[in-house]
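Enquirer: In this note's numbering, the protein residues as written are 3 to 448. I have a structure here, written as structure tokens, and I will follow up with some questions on it.
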Amino acid sequence: SRGIFDHIHQGVKIPQKKLDYRPSDKLVFVVLGIMSGCGVVFDLNRKLRVDKPLLRAFGYQKCADQSVIQETLNAATEENVQQLEAALKAIWNEHNLAVQLLKDAQRGGGIETVDIDLSGMPASRNAEGSTKGYFAGEKNTYGRQLARVLIPKTQEIVTESLYPGKETSCKAFKAMVEKMEQRLSLTAEEERKLIRLRLDGGFGTDENINFALWRGYHLLTKLYSGKRARALARSVLEWVDIPPGPDNRPRQAGWISNPHRYARRTRQLAIQMPRKKGTGYQYSVLVTTDMNANLHAIVDDYDGRSGVPESTFCQDNQGLGMRKRRKRRFVAQQMLTLLTQLAHNLIRWLQRWLTKALEQIAPEPPSRDNGGSALGDAQLAVRTLNQFGMKRLMCQVLCLSGKVTMKKGKVLQVSLNPSYPLINRIRTAFETLLKPYKIAVSLDET
């Protein structure tokens, strides 16, 4: 009823004849399959094709065979990739949560954090664009690189780009910033001042830092050069103990009294920790445009980065099977990447639609003595949904068994299996969301 897929049907024209399905229908099948727990395209035959109520709810009587869907992906062209990106932008403009965050930041005088990261996607050495490159924890591996721009507060993917395996973060940075500006419509410097880019050391070259500062962005990044970090650390006057990092090595931090000069004024913070092997210390430097935050706040903020963009790659790999879907043609892999991006954002938007519906009937936290009331159930459901990552949303919210009652292609009632964990909270959430659509949600007696 929200017309989510209309932009794909109207804008993506893959050069294939229509027999039983339009090429755009097959792209929709891929998205529905991903959200139904299909790890690879082949799984569409045993998960989506047999789920007649789900297909009918989206206006389909049946689903195309996985081999036909594979042919459509392989027939896609570079122009189709651009068309699909334009369709995703139109969908983003209608449903995203990030624009409201930027408006709130503008009214309140704050800034919003945006993370940019690059992750290796292993592939066959014979695949197009598959070259040797950096793949964490894997040596002599072939594959491609996936660059992602993410809003950490809403977990939405702003944009993604697929690159050959030898691509590095520092080379992909400018292109990703420009794509982000197009997606978020950041045409003026005043709008860009509302965003702080949080980056790892792979992006932290002088050229990239100055590029971001010249365009008006705030910045929190790690310096690219280890030699410069060691030299700058010599000017630290006082070292302060800070909590250990992810590898549990003790750390100290201190302000650099003689910082490197960039296009705008910055503060620079050195961090030292013992080397894993041998004696001495390993140094890194954080560069920030925040001239007021204290030392611990900056370290904690940057440490939080490892729990957002890096974890979203991991969540999508586990929950959406992102690494499992591989195509030999580079363009076909780009199409799969964009469809997975849409599935990711749809799940995050659905999570927000559920919590928003619940918050409207339970605006205040429940008291201790009414935990069994409707108000208490709604608040518990909101808390549960907000805690779920991608994998748990897939397993405990989207992929439940039960009964669906339909009449003339319209869903009338959904009866969920009562044996699932936290099923009462999930039922409350869907019951609240679907009530305006006159769809009843209950627990099956059996």
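All residues carry an ideal CB built from backbone N, CA and C; glycine is no exception.
Kindly indicate which residue of V413, Y422 and N426 has the alpha-carbon position closest to the one of K440.
Expert: V413
Enquirer: Quick one: is the Cβ of V70 within less than 8 angstroms of any heavy atom of the ligand SAM?
Expert: What this structure holds is no ligand at all, so the ligand SAM is not there to describe.
Enquirer: According to DSSP, is W241 part of a helix, a strand, or is it coil?
Expert: coil
Enquirer: What residue from L104, A265, S403 and G323 has the CA that sits closest to E193's CA?
Expert: L104
Enquirer: Taking A359 as the reference, give the member of K437, V443 and G145 with the closest Cα.
Expert: K437
Enquirer: Considering only DSSP beta bridges, list what S286 is partnered with.
Expert: I273
Enquirer: Let's see if you can read the secondary structure: which residues bound the beta strand (DSSP E) around T161?
Expert: E158 to P166
Enquirer: Can you tell me where the beta strand (DSSP E) holding K455 begins and where it ends?
Expert: For the chain, the structure presents residues 3 to 448; residue 455 sits outside this window and is missing.
Enquirer: With DSSP as the reference, please indicate the residues paired to K134 in a beta bridge.
Expert: Y144
Enquirer: According to DSSP, is S369 part of a helix, a strand, or is it coil?
Expert: Because the pLDDT of S369 is 46, which lies under 50, any placement of that residue in the model is unreliable, and the number read from its coordinates should be weighed accordingly. Residue state, collapsed to three classes: coil.
Enquirer: Please classify P25 as buried or exposed, where buried requires at least 16 neighbouring CB atoms within 10 angstroms.
Expert: buried
Enquirer: What's the gap between the Cα of H262 and the Cα of Q102?
Expert: 36 angstroms
Enquirer: Nearest by alpha-carbon distance to E158: which of V384, Q362, I93 and L382 is it?
Expert: I93
Enquirer: Suppose you measure from the CA of N347 to the CA of V238; what does that come to, to the nearest Å?
Expert: 43 angstroms
Enquirer: State the CB to CB distance for the pair A77 and Q18, rounded to an integer number of angstroms; the pair is presumed to be in contact (CB under 8 angstroms).
Expert: 5 angstroms
Enquirer: Report yes if the CB atom of K54 is closer than 9 angstroms to the CB atom of G35, and no otherwise.
Expert: no
Enquirer: My output table needs one value for V151: the three-state DSSP class, helix, strand or coil.
Expert: strand
Enquirer: Have a look at A149 and E180 and give me their C-alpha separation to the nearest angstrom.
Expert: 13 angstroms
Enquirer: May I ask you to report which of helix, strand or coil DSSP gives I118?
Expert: strand
Enquirer: Note down, in chain order, each residue of its chain lying with its Cβ closer than 7 angstroms to the Cβ of F213, except the 5 sequence neighbours on either side.
Expert: K176
Enquirer: Count the other CB atoms, across all protein chains shown, that sit within 10 Å of the CB of S163; report buried if there are 16 or more and exposed otherwise.
Expert: buried
Enquirer: Using the beta-carbon count (16 or more within 10 Å), is Y283 buried or exposed?
Expert: Classification of Y283: exposed, given that the 10 Å Cβ count is below 16.
Enquirer: What residue does the beta strand (DSSP E) around S417 start on, and which one ends it?
Expert: K412 to L418
Enquirer: Excluding the 5 residues preceding and the 5 following L340 in the sequence, name in chain order all residues of the same chain whose CB lies nearer than 8 angstroms to its CB.
Expert: Excluding five sequence positions before and after L340, the CB atoms of its chain that fall closer than 8 angstroms to its own CB belong to V83, L86, E87, L90 and E162, given in chain order.
Enquirer: Under three-state DSSP, which class holds R127?
Expert: coil
Enquirer: From S286 to E130, what does the alpha carbon distance come to, in whole angstroms?
Expert: 36 angstroms
Enquirer: Counting beta carbon pairs with one atom in the region 309-324 and one in the region 378-390, are three or more of them shorter than 8 angstroms?
Expert: no
Enquirer: With a Cβ-Cβ cutoff of 9 angstroms, do Q270 and L288 count as a contact?
Expert: yes
Enquirer: In the DSSP assignment, the alpha helix (DSSP H) including A299 goes from what residue to what residue?
Expert: L297 to D305
Enquirer: Who are the near neighbours of R331 in its chain, counting only those whose CB is closer than 7 angstroms to its CB and skipping five residues on each side?
Expert: N76 and E130
Enquirer: Three-state secondary structure (DSSP) at G374?
Expert: Here G374 scores only 47 on pLDDT, less than 50, and its place in the model should not be relied on; the value that follows carries that caveat. DSSP places G374 in coil when its eight states are reduced to three.
Enquirer: State the start and end residues of the unbroken beta strand (DSSP E) segment that holds T291.
Expert: Careful: T291 lies outside any beta strand (DSSP E) and carries neither H nor E.
Enquirer: Which residues in the same chain as E209 place their Cβ atom closer than 8 angstroms to its Cβ, once the five residues preceding and following it in sequence are excluded?
Expert: For E209, where only same-chain residues beyond five positions count, the Cβ hits under 8 angstroms are C172.
Enquirer: Are P276 and P252 touching if we call contact CB-CB under 9 angstroms?
Expert: yes
Enquirer: Based on the DSSP output, what are the partners of V443 in its beta bridges?
Expert: V416
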